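In our numbering, the protein residues as written are 1 to 266.
Each residue gets a CB set at the ideal place from its N, CA and C atoms; glycine is no exception.
Here the structure is a predicted model, which means the values were calculated and not measured.
Have a look at the structure below, then the notes.
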């Protein structure tokens, strides 16, 4: 009997360690087909948002494409036309779930640290860059870039990845609203809003290097004007007619899992 992966949100770990998995790979097929270049999925906590984002990362990522292909063996997506998209794009997967602070000054420091750690994954690109691109990447990694310069970092990353792979880039931002909620609670909302509005819009709007952008969060921050520049954004909430079985569990999935564990009588 398969183990249940309590608290696991890494798709590769879940599959390779043979934990019980509710097949949500139809989500990949729907994401490819729905036509919106930028999508926001708003769901409550513990609905599998991070696991689905992790699944998208392993599916699309051009790095280790052959190795990752095995993760989808015998799953729904393998039998679809969309499976040809597997391993076709560079993927940027940034999680902001831990980006919380009590003051804007503390938030600034944390943004610099989190982006430095994140960009360290791309340090290998320094060997292929020259001039201003080399200096920009080095400054971000070594925490020498100031907060205003960091508003354009994600678009910069899509540019250098596009130039390396000659492929447009998938941008996945998990829990985009975590720093905004923290800012609202702690009274520095306007400063945080001004930073993140630019941070998101520059990479997701009119970006020639972008294949698709996907964000997850608990809420859509409408009044903030965070997305006022993003007229290419489509939002899917728990009340939407689309992606209804992509997050959480359906009645059929619950019944099947109870049968699998001999608990049908429950």
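Pairing residue 247 with residue 24, the inter-Cα distance amounts to about 8 Å. Around the C-beta of residue 4, fewer than 16 other C-beta atoms lie within 10 Å, and the residue is accordingly described as exposed. Restricting attention to 230, 1, 175 and 193, the CA atom closest to the CA of residue 52 is found in 175. Taking all protein chains shown into account, residue 254 has fewer than 16 neighbouring C-beta atoms within 10 Å of its C-beta and is therefore exposed. In this structure the region 197-213 touches the region 149-162; the number of beta carbon pairs closer than 8 Å is three or more. Taken in chain order, the whole beta strand (DSSP E) runs of length 3 or more contained in the region 20-61 are 38-42.
Beyond the five residues adjoining it in sequence on each side, residue 232 comes within less than 7 Å, by CB distance, of 37, 38 and 205 in the same chain, given in chain order. Counting only residues of its own chain and dropping the five nearest sequence neighbours on each side, residue 264 has a CB closer than 7 Å to the CB of 258.
Taking the C-beta atoms as reference points, residue 2 is found no nearer than 8 Å to residue 76. Checking the DSSP bridge columns, you'll see residue 234 partnered with 39. Considering only 217, 102 and 166, the residue with the shortest C-alpha distance to residue 188 is 102.
Going by beta carbons, residue 97 and residue 178 fall inside the 8 Å limit.
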